[in-house]
Every structure is written in structure tokens, then in C-alpha cells.
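Participant: Next up is a structure, given as C-alpha cells.
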DNA sequence: GTCGCGACGTTCGCGTTCTGTAAGATCCGG
DNA sequence: CCGGATCTTACAGAACGCGAACGTCGCGAC
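Chains as they are written, first to last, in the numbering used here: chain E, 13 to 238; chain D, 13 to 238.
Right, dumping it as C-alpha cells:
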């Protein structure tokens with residue numbers, strides 16, 4: 013919990029602890045970074061307005077040092093632009109002051125539930141017929157021949173193979189693969205196309221990476237075709 | 013909104029509607045379950061103390077019928093044990109009486125914001141004899157042969173199959189499938205016709221997607237069960 | 001420091017598909 | 001038999017997906 017106002021920190025701490033959390037307090041950005049370095053927490057509640065210092069910088073540093081560490085932002089600024097800025101920065105959620113401590117607890121719980129199961133992305137061997145993706149080594153091969161996938165392409169393939177036979181909208185893919193809450197959806201289109209070029213024998217007539225018209229895309233396992 | 017006290021219900025309804033919610037009232041547990049069955053809401057506000065009846069039972073039934081349906085509990089008991097009980101029961105939040113309507117609205121909004129992104133994609137396999145609709149992959153098949161349904165057609169079919177044996181007016185379908193509060197009702201007519209062309213062996217003599225003269229349409233399950 | 005390369009996000013044009021509306025034909029209830 | 005509701009067909013505009021090309025950024029080589 014990073015906040016320079018002891019009154020706020022104390023209340024929040026009490027509520028969080030009552031909810032079963034272990035809480036560490038930090039009064040400023042440097043202390044926060046040091047604390048995180050000393051013991052990586054499950055989640056950080058970060059006040060954007062740290063007396064003079066820009067909380068966004070702290071957030072950026074946190075994201076750089078500990079990618080994947082959930083951050084819930086706390087801000088007096090309820091403006092849309094700040095929200096966008098915060099989410100761009102990688103915050104998983106945000107609460108605007110004045111807030112009810114209960115609400116903060118709910119958000120924290122929600123984010124934890126959301127990220128906890130996804131946090132340990134255990135290396136797995138995703139196999140679908142002749143297409144095999146090794147998330148540990150971040151390599152993939154088709155018909156035994158290695159595929160030269162880029163980062164995004166691999167992430168996209170991994171996500172789709174982990175959720176087979178489900179249609180996802182471009183927005184949803186943008187959110188869950190790119191981590192964006194907004195953005196140009198054609199980005200997804202283009203990456204799907206590039207990925208098809210590599211995993212589909214005939215990219216114009218895809219057998220695995222299917223288009224769902226008016227919705228988005230879906231990965232259909234090739235092996236167990238019903 | 014489930015509460016046996018009209019005074020409370022009315023106030024809460026006004027506040028929620030002012031916040032942009034569409035509200036349905038139910039005075040007791042049975043009415044609540046019936047209402048949810050008739051039209052699955054985005055969220056239920058449930059008073060635990062329903063004159064004599066235990067609201068927890070209602071909650072349990074709700075959870076069984078509609079897993080994932082958010083429930084905000086309303087209770088005069090502020091005891092920790094009850095809170096724990098409520099949350100164990102699956103409530104997403106709870107508010108203790110006496111409460112400020114504003115606080116309830118905030119809680120509702122918060123829970124909706126939290127669950128909304130996860131709620132819509134609730135994959136289900138809707139089956140009726142030889143007609144199967146998979147809402148997860150957004151595909152449907154008849155006699156094992158895939159159907160080429162468009163977005164609207166699928167949405168319409170999904171909605172009707174989720175509410176079988178119930179007549180809906182064109183206006184209601186326009187509202188709940190298209191999301192329009194007004195508009196040309198012939199739109200529904202045409203889409204029903206197009207859908208019939210695909211799911212009915214003889215579109216002129218429909219067996220599932222029936223016309224209810226002077227009212228609208230109704231989906232009649234083909235399988236002679238239930 | 002500069003150059004070249006690959007990855008990535010964006011933009012544009014084109015062909016296809018979907019969709020709402022209109023208009024005439026048909027059917028149903030009284 | 002009539003009036004209104006429903007069905008059927010046709011069509012044009014809009015939406016959509018695709019393919020290609022472009023600009024930017026970061027990185028490594030020289």
C-alpha cells in the first residue's frame with residue numbers, strides 16, 4: 013500500500029487485513045520500490061498523488077521491475093484522461109477518491125482473483141495434431157519443423173490454444189493478449205493474418221484459426237475434429 | 013430487487029433507475045425466482061430477511077439456477093458471522109441496514125463493473141433434439157451438419173433457445189436481442205424468416221420457431237421431453 | 001554514430017457479406 | 001368477405017474481413 017497520507021493508509025490497511033491480506037505500507041515512491049524489491053507482494057495499491065512525485069513514474073518502474081505484478085491505482089482524479097493514462101500504464105484497476113474502503117477491498121479481491129490463477133503461467137506443451145507450442149521455451153513447430161514466430165504471434169497462438177473452440181472478439185483478444193483495454197482492433201486482424209501465414213497450409217482457407225463473422229476469431233483444434 | 017417492504021423497494025428502485033438501471037421488483041423469494049427465470053437480470057439485490065423465509069435459501073437457488081449471476085445482499089444483520097455466511101453463499105457484496113440508497117447504488121455499480129467483463133461470455137451448449145447451439149464458439153448445427161448463421165441470426169436463436177416455450181412480442185425481441193428500445197418491427201419478422209429458412213426443414217410449416225398470431229414468436233422445443 | 005533489418009501498429013482500397021427497409025403477396029380471424 | 005397481421009422477395013447501403021503497403025521504433029552490426 014503506497015500512500016503518503018497515514019490516515020488513508022491506516023484505514024485501508026485495517027480493512028485489507030480484516031479481509032485476510034498481509035499489508036506493507038510505504039509512504040513514498042522510493043520506499044515502495046525498495047519494499048517491492050525486498051519482498052515481492054501479490055498486489056500493489058498505489059496512490060497516484062504522492063506528495064509532488066508523480067505516481068505514474070513509480071508505476072512505470074514497478075512494471076519494469078516486476079512485470080505481471082498487479083497494480084490497483086488510487087487517485088483523486090476521476091477524469092477519463094487520467095483513467096486512460098493509468099490503464100495505459102498497466103494498472104489492473106483503479107479507484108477514485110473519495111472511495112469507500114470496502115470498495116477498495118472488493119477491487120483488490122477482484123484483481124487478485126483475476127490475476128492469481130493467471131499469474132503462474134506454468135510452462136506447458138500445447139499440442140494440436142502436428143502443431144506443438146512449448147510455452148516454456150517459447151517455441152512452436154509444425155510437422156516437426158520449427159516455426160519462426162514473433163513475440164506477439166506466439167502470445168496470440170498460446171492464448172488461442174489455451175482456449176480452444178471459443179470465439180473471441182477482437183476487443184477481447186486485444187485485452188487478454190495485448191493487455192490493452194482499448195486500441196485499434198485491426199491490430200488483431202493483421203496479427204491473425206500473419207500468424208495464419210505461418211501455421212496454415214492455405215492461409216486463405218484456414219483450418220485452425222477460423223474467422224467468426226461479425227464476432228472475431230476462434231481456434232478450432234485440428235486433431236479432434238468432431 | 014427482492015424485498016418484501018414496498019417502502020424500501022420503491023426508494024431503491026428510484027435510485028437505481030436514476031442511475032440508468034432497468035429494475036424489476038419481487039416481493040418474495042418465489043416471485044424472485046420466477047422473475048429471474050422469465051428474464052435473467054444482470055444483477056440481483058436480495059434482502060436476506062424476507063418475512064419469515066430465509067433469504068439464504070433464495071440465494072442458494074439463484075446460484076444453482078444461474079451460476080455467475082451477481083448478487084448483492086441486503087441485511088439488517090451486521091454481524092460478522094452473517095457477513096461471512098452471505099459471502100460464502102456466493103454474494104458478491106452486501107449492504108447492512110440501515111443503508112443509504114446512494115451506497116447501494118455505488119455497490120451495485122461496482123459489482124456490475126467488476127463482473128460485467130466476465131459475465132457476458134458464459135459459454136453454454138443449448139440443445140434441442142437435433143438442433144445444437146454452442147454459444148462459446150458461436151456455432152450451431154442441425155442433424156450434425158453445421159449451420160451458417162449470421163450474427164443476428166445466432167443471437168436471435170440463442171435468445172429464443174434460452175427462453176423456450178415463451179412468446180415474445182417483436183418489440184421485446186427488438187429490445188432484448190437487438191438492444192433497441194424502438195425501431196421497425198419488420199426487422200424481427202425478416203430475421204425470423206431467414207432463421208427459419210436455416211433451421212426449419214419446411215420454413216412454411218415451422219416446428220420450432222412458431223408464430224403466435226397477434227403477439228409475436230415463440231420457440232417450441234422439438235424434443236418431447238419436459 | 002550510422003546503417004540496415006525485423007517487428008509492430010496503422011491505414012487504405014477492394015470484394016464480400018450482412019442487414020434494415022420497402023413493397024407486394026398471402027394468410028388469419030372475425 | 002374484409003381488414004389487419006404476417007410472410008416473402010428484392011434491393012441498396014452499411015459493415016466487415018482481407019490483403020497489401022507504409023511509417024515507426026528498437027536493436028544489432030559495422
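Think of the CB as a built atom: it goes at the ideal place given N, C-alpha and C, for glycine as much as any other residue.
From E:21, E:116, E:31 and E:176, pick the residue whose C-alpha is nearest to that of residue 38 of chain E; which is it?
Facilitator: E:21
Participant: Residues of chain E with CB closer than 8 Å to the CB of residue 148 of chain D, please, in chain order.
Facilitator: Here the neighbours are 177, 178 and 179.
Participant: Under 8 Å Cβ to Cβ from residue 219 of chain D, same chain only, skipping five residues before and after it: list those, please.
Facilitator: 212, 213, 232 and 234
Participant: What residues of chain D sit near residue 225 of chain E, judged by a beta carbon separation below 8 Å?
Facilitator: 162 and 163
Participant: DSSP puts residue 230 of chain D in a beta bridge; with which residues?
Facilitator: D:179 and D:222
Participant: Kindly confirm or deny that the stretch 168 to 181 of chain E and the stretch 135 to 147 of chain E touch, where touching means at least three C-beta pairs closer than 8 Å.
Facilitator: yes
Participant: Closer than 8 Å is the cut-off here; do at least three beta carbon pairs connect the stretch 178 to 188 of chain D with the stretch 220 to 229 of chain D?
Facilitator: yes
Participant: Could you name the residues of chain E that residue 105 of chain D contacts, counting a contact when the two beta carbons are closer than 7 Å?
Facilitator: 118
Participant: Kindly indicate if chain E contains any beta-carbon less than 8 Å away from that of residue 112 of chain D.
Facilitator: no
Participant: In the DSSP assignment, the beta strand (DSSP E) including residue 153 of chain E goes from what residue to what residue?
Facilitator: 151 to 154
Participant: If I follow the unbroken alpha helix (DSSP H) through residue 44 of chain E, where does it start and stop?
Facilitator: 41 to 50
Participant: Should residue 42 of chain D go down as buried or exposed, given a rule of 16 or more other Cβ atoms within 10 Å for buried?
Facilitator: exposed
Participant: Thinking C-alpha only, which one of E:73, E:84 and E:104 is nearest residue 325 of chain E?
Facilitator: One cannot answer for residue 325 of chain E here, as it falls past the ends of chain E, which runs 13 to 238.
Participant: Around the Cβ of residue 264 of chain D, are there at least 16 other Cβ atoms within 10 angstroms (buried) or fewer (exposed)?
Facilitator: Absent from the structure is residue 264 of chain D, since the part of chain D shown begins at 13 and ends at 238.
Participant: State buried or exposed for residue 236 of chain E, treating a residue as buried only when at least 16 other CB atoms are found within 10 Å of its CB.
Facilitator: Because residue 236 of chain E sits at a pLDDT of 47, beneath the cut-off of 50, its placement in the model cannot be relied upon, and the point is left open.
Participant: Can you find at least 3 beta carbon pairs, one from the stretch 153 to 169 of chain D and one from the stretch 202 to 212 of chain D, that sit closer than 8 Å?
Facilitator: yes
Participant: Assuming residue 153 of chain D contacts residue 161 of chain D under a Cβ cut-off of 8 Å, what Cβ separation, rounded to an integer in Å, is found between them?
Facilitator: Contact doesn't hold; Cβ gap of about 10 Å is too wide.
Participant: Would you call the stretch 15 to 35 of chain D and the stretch 115 to 124 of chain D touching, i.e. three or more CB-CB distances under 8 Å?
Facilitator: yes
Participant: Just to confirm before moving on: does the CB-CB distance between residue 55 of chain D and residue 82 of chain D stay below 8 Å?
Facilitator: yes
Participant: Do you know offhand how far residue 221 of chain D's Cα is from residue 179 of chain D's?
Facilitator: 10 Å
Participant: With a threshold of 8 Å between beta-carbons, can residue 135 of chain D be considered close to chain E, or not?
Facilitator: It does: the Cβ of residue 135 of chain D has a partner Cβ on chain E nearer than 8 Å.
Participant: Can you find the residues in the same chain that come closer than 8 Å, C-beta to C-beta, to residue 177 of chain E, ignoring five residues on each side of it along the sequence?
Facilitator: 230, 231, 232 and 233
Participant: Return helix, strand or coil for residue 173 of chain D, following the three-state DSSP convention.
Facilitator: helix
Participant: At what residues does the beta strand (DSSP E) containing residue 188 of chain E begin and finish?
Facilitator: That residue, residue 188 of chain E, is in no beta strand (DSSP E); it is neither H nor E in DSSP.
Participant: What are the boundary residues of the beta strand (DSSP E) that residue 162 of chain D is part of?
Facilitator: Per DSSP, residue 162 of chain D belongs to no beta strand (DSSP E) and is neither H nor E.
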